[in-house]
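Numbering (my numbering) for the sequence shown: 10 to 271. First the structure, in the form of C-alpha cells, and then the observations on it.
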Amino acid sequence: MAVLLKSRKEIDKLREAGRLVAQTFEVLRPYVKPGTTTAELDKIAEDYIRSHNAIPIYKGYGAHPGGNGRPAIPPFPGTICASVNEVICHGIPSEKQVLQDGDIIGVDIGVVLNGWVGDSCMTYAVGNVDEESQRLMEVTRKCMELGIEQARHGNHLGDIGAAIQTYAESHGFSVVRDLVGHGVGRSLHEDPNVPHFGRPGTRMRIQKGMVFTIEPMINVGTHEAETLADHWTIVTADRKRSAQYEHSLAITDGAPELLTVL
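What follows is the structure, encoded as C-alpha cells:
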C-alpha cells in the first residue's frame, strides 16, 4: 500500500475542489422534493460543476471491458450517484425515477478542479420522512462525525471503523462491509482504504499529510449488499433503507481539516 502524503499546498488545492462539491450540494438542496426526477438533479449538478471549470469525475468512470473472469462493466453515466431508499450507493440517475414524499436519497458528488479531486456525499429527506428514516439519517451523520474525531495523527484506521461500528450497532443499525472510504488526491481512489467497522488499534497508523474520505453507509437491517444487473447500483440485501454521509479530510497536527465544506 503506497499512501501519497500531501503537502500544505496540495491540501489547499484539494480544499478548493471540496468547496465546489459543498456548493453543489447547496445548489441541489431546493430541488430535492417530491416530483423531481433524479435525472433533473443530475443535470443541475453537472451544469453547475462545469460552469465552474471543473469536471464531474463520476461521469464515464469505471468502465471495464471484461475478461479474465470479470464481467464487462459500462462507464457510470451520471454526474451524481443518486441512491434512493434501499440503494446503498452508486444509484444511476434516471428520468423514470421520480422522488416521492417520504423518500430518502443519498447524493454522492465528485469533481476534478485544476487536477485535484473533491468527493462527498449527503443524504436528503424528501418531504416528510418516517421516524425510522429520520433516525437512520441522524445516526449515520453521527457515525461520520465520530469517525472523523478518530482521524488524528498517531491513531489507527481501525479506531475510525470501531467508533462508527459501535455507535451504529448501539442504535440497532448495521454497517456496510463491502464498501469503504479511500484516499483522494489527483485520483478519485487512492490508498489507504478506510473501513467503517473494525477494532481499535488495528490497521494502518494515521499520518500527517494523509487525505482520505470517511463515508459510512448504515443500514436499517442487514449489512449485506447486492449489486444489480446494471453492474453499478448496490442495494441492501433485505431491501430495507440505507443512508450515507461522507467528507474528505486532511490529517494535520491536531483535528483533521474537513475539505468538502463551504
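Note that beta-carbon positions come from the ideal geometry of N, C-alpha and C, so glycine has one too. Treat the numbers as computed from the prediction; the structure is a model and nothing was measured.
| Query | Result |
| --- | --- |
| Identify the residues that DSSP records as bridge partners of T139: which are they? | According to the sequence provided, residue 139 is Asp. The question's Thr does not apply to it. In the DSSP output, where bridge partners are listed per residue, D139 has none listed. |
| Between A177, E25, D239 and S103, which has its C-alpha nearest P80's C-alpha? | D239 |
| Let's test the definition: count the other Cβ atoms within 10 Å of the Cβ of A171 and tell me whether it reaches 16, buried, or not, exposed. | buried |
| If you measure between the beta carbons of I97 and S251, is that distance less than 8 Å? | yes |
| Considering Cα atoms alone, identify which of M146, A246, R195 and P209 is closest to I66. | R195 |
| Kindly identify the DSSP beta-bridge partner or partners of L50. | L50 is not bridged to any residue. |
| Measure the Cβ-Cβ separation of I223 and H165 and say whether it is below 8 Å. | no |
| Taking the alpha-carbon positions, what's the A160 to P265 distance? | 6 Å |
| Cβ-heavy atom distance between Q159 and the ligand COA below 7 Å? | With respect to small molecules bound, the structure shown includes none, and the ligand COA cannot be examined in it. |
| Apply the 10 Å Cβ neighbour rule to S60 and answer buried if 16 or more other Cβ atoms are within range, or exposed otherwise. | exposed |
| Please classify A4: does DSSP put it in a helix, a strand, or coil? | This structure cannot speak to residue 4, because the chain is shown only from 10 to 271. |
| Would you tell me roughly how many angstroms separate the C-alpha atoms of H41 and C130, rounded to the nearest one? | The sequence shown places Val at residue 41, not His. Rounded to the nearest angstrom, the two C-alpha atoms are 14 Å apart. |
| Spatial neighbours of L29 within its chain, please: C-beta separation below 8 Å, excluding the five flanking residues on both sides. | I58, H61, A63, V120, L122 and G127 |
| Taking all protein chains shown into account, decide if L197 is buried (16 or more other Cβ within 10 angstroms of its Cβ) or exposed. | buried |
| Among the candidates A259, M226 and G263, whose CA atom is the shortest distance from the CA of V116? | M226 |
| Thinking I20 and A259 are a contact (beta carbons under 8 Å), I'd like their distance in whole angstroms, please. | 5 Å |
| Give the range of the alpha helix (DSSP H) segment to which T222 is assigned. | Run containing T222: none in the alpha helix (DSSP H); it sits in the beta strand (DSSP E), V220 to I223. |
| Kindly indicate which three-state DSSP category G163 falls into: helix, strand or coil? | coil |
| Across which residues does DSSP place C152 in a beta bridge pair? | Partner(s): none; C152 has no beta bridge. |
| How about V193 and H232: do their beta carbons lie closer than 8 Å? | no |
| Throw me the rounded Cβ distance for the V93 and G100 pair, which I believe falls under 8 Å. | 6 Å |
| Give me, in chain order, the residues of the same chain whose beta-carbon lies closer than 7 Å to that of R208; leave out the 5 immediate sequence neighbours on both sides. | G167 and A171 |
| Out of curiosity, what's the CA-to-CA distance linking G76 and K249? | 33 Å |
| Quick check on I118: does DSSP put it in helix, strand or coil? | strand |
| DSSP has G190 in a bridge; who is on the other side? | V203 |
| Shortest alpha-carbon distance to E158 belongs to which of E49, T261, G27 and K22? | T261 |
| Can you name, in chain order, every residue of its own chain whose Cβ lies under 6 Å from the Cβ of I243, other than the five neighbours on each side? | I97, C98, H99, A234 and T236 |
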